[in-house]
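Numbering (the UniProt record's numbering), first residue to last: 1 to 200.
Glycine included, each C-beta is placed from N, C-alpha and C at the ideal position.
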Amino acid sequence: MMGDQEEANSVDKRINNNEESEVVRKGPWTMEEDLILINYIAIHGEGVWNNLARSAGLKRTGKSCRLRWLNYLRPDVRRGNITPEEQLLIMDLHSRWGNRWSKIARQLPGRTDNEIKNYWRTRIQKKVKDGESVDCSSQIVNDEGSSSHTGGLEEVMAQPSYPIYSNIANPHEAYAPAYSESINPSETYLSGEDFWAVQF
DNA sequence: AAAGGCACCAACCGCGGTCGG
DNA sequence: TCCGACCGCGGTTGGTGCCTT
Numbered sequence: 001m002m003g004d005q006e007e008a009n010s011v012d013k014r015i016n017n018n019e020e021s022e023v024v025r026k027g028p029w030t031m032e033e034d035l036i037l038i039n040y041i042a043i044h045g046e047g048v049w050n051n052l053a054r055s056a057g058l059k060r061t062g063k064s065c066r067l068r069w070l071n072y073l074r075p076d077v078r079r080g081n082i083t084p085e086e087q088l089l090i091m092d093l094h095s096r097w098g099n100r101w102s103k104i105a106r107q108l109p110g111r112t113d114n115e116i117k118n119y120w121r122t123r124i125q126k127k128v129k130d131g132e133s134v135d136c137s138s139q140i141v142n143d144e145g146s147s148s149h150t151g152g153l154e155e156v157m158a159q160p161s162y163p164i165y166s167n168i169a170n171p172h173e174a175y176a177p178a179y180s181e182s183i184n185p186s187e188t189y190l191s192g193e194d195f196w197a198v199q200f
């Protein structure tokens with residue numbers, strides 16, 4: 001999706017020419033940046049995103065790194081093709097919890113809050129607006145007090161059969177399965193071709 | 001074939017919460 | 001107890017590709 005012209009505009013906070021300190025890249029991520037982030041997390045693990053960004057030599061904010069990792073690079077992330085079952089679940093959970101996207105996302109293995117949010121806004125919300133049979137928007141409940149007494153689906157979905165993020169605690173392990181087919185497991189670094197060949 | 005509009009999605013921004021010093 | 005840094009979440013924006021006219 002992202003074009004190739006980002007090099008031209010992505011460095012938009014150039015405070016001075018001291019390239020070591022004050023340049024923050026914005027906009028679409030390049031393959032090189034992805035690889036740097038992936039390899040760094042494979043070795044050091046995720047978390048402490050500001051430090052990570054600095055230590056990895058990425059001219060990105062910690063926030064940006066975190067977002068990129070969680071929404072796109074994480075090995076267990078699934079993108080595209082929301083199934084009818086997932087759609088139903090999204091609608092149901094949204095009717096219970098409202099716009100608690102991260103909470104909803106935790107009930108959908110491999111889905112991210114950003115993806116669900118986008119999906120909702122572009123597809124489901126449109127249907128709701130058009131007055132179709134999706135009737136969840138009218139029954140949003142106050143979430144904060146609801147988690148302990150909504151019961152039903154929430155409890156079901158809280159079962160261990162939804163191991164969201166559970167393997168992330170050890171990023172080495174989290175990483176291995178997704179790439180083990182084409183990459184020597186003993187090798188921590190990935191080449192660009194390795195990564196993109198596996199991903200797409 | 002070209003232009004305009006629309007849909008989708010990646011990424012940024014702002015805010016609130018949490019934690020450590 | 002206060003303050004600053006960091007993290008996570010939800011809302012929003014901008015770019016790209018597809019579809020329609």
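Helix, strand or coil at ARG66 [DSSP, three-state]: ARG66 falls in the helix class under three-state DSSP.
Alpha helix (DSSP H) segment containing TYR54, residue limits: As written in the sequence, residue 54 is Arg, which differs from the Tyr given in the question. That run of the alpha helix (DSSP H) goes 49–55.
Cutoff 7 Å; reference ASP69; Cβ partners in own chain excluding five residues on either side: For the sequence presented, residue 69 should be read as Trp rather than Asp. Taken in chain order, the residues that qualify are LEU37, ILE41, GLU46.
Reference ASP113; option with closest CA among ARG100, GLN87, ARG123, LEU89: The alpha carbon of ASP113 has as its nearest neighbour, out of ARG100, GLN87, ARG123, LEU89, the alpha carbon of ARG100.
Separation of TRP29 from LYS59, as counted between CA atoms: Going by C-alpha positions, LYS59 is about 11 Å away from TRP29.
As assigned by DSSP and simplified to three states, the class of ARG25: Reduced to three states, the DSSP call for ARG25 is strand.
With 16 other Cβ atoms within 10 Å as the buried cut-off, status of residue 201: Limits of the chain in this structure are 1 at one end and 200 at the other, which puts residue 201 out of reach.
Cβ shell of TRP49 (< 6 Å), same chain only, five flanking positions each side left out: Here the set comprises GLY62, CYS65, ARG66.
Local conformation of THR83 per DSSP, three classes: Residue state, collapsed to three classes: coil.
Terminal residues of the alpha helix (DSSP H) in which ASP34 lies: Judged by DSSP secondary structure, ASP34 falls within the alpha helix (DSSP H) whose first and last residues are 31–44.
Contacting residues, own chain, Cβ-Cβ under 7 Å from THR83 (five flanking each side not counted): Once the five neighbours on either side are set aside, THR83 has no close Cβ partner at all.
Proximity to residue 206 [Cα-Cα], best of TYR119, ARG74, ARG78, ASN71: Lying before the first or after the last residue shown, residue 206 is absent from the chain, which here runs from 1 to 200.
Selection from ASN39, ARG79, ARG123 that minimises the alpha carbon distance to ALA105: For ALA105, the nearest C-alpha among the options comes from ARG79.
Pairwise C-alpha distance: ARG111 and GLU86: Rounded to the nearest angstrom, the two C-alpha atoms are 10 Å apart.
Range of the contiguous alpha helix (DSSP H) that encloses ASN71: For ASN71, no alpha helix (DSSP H) segment is defined, and its DSSP state is neither H nor E.
Per-residue DSSP class, three states only, for TRP97: DSSP places TRP97 in the helix class (H, G or I) of the three-state scheme.
Pick from GLN125, VAL23, ILE116, ASN39 that is closest to ARG74, judged by C-alpha positions: Nearest of GLN125, VAL23, ILE116, ASN39 to ARG74, Cα basis: ASN39.
Range of the contiguous alpha helix (DSSP H) that encloses LYS59: Counting along the chain, LYS59 falls outside any alpha helix (DSSP H), and DSSP gives it neither H nor E.
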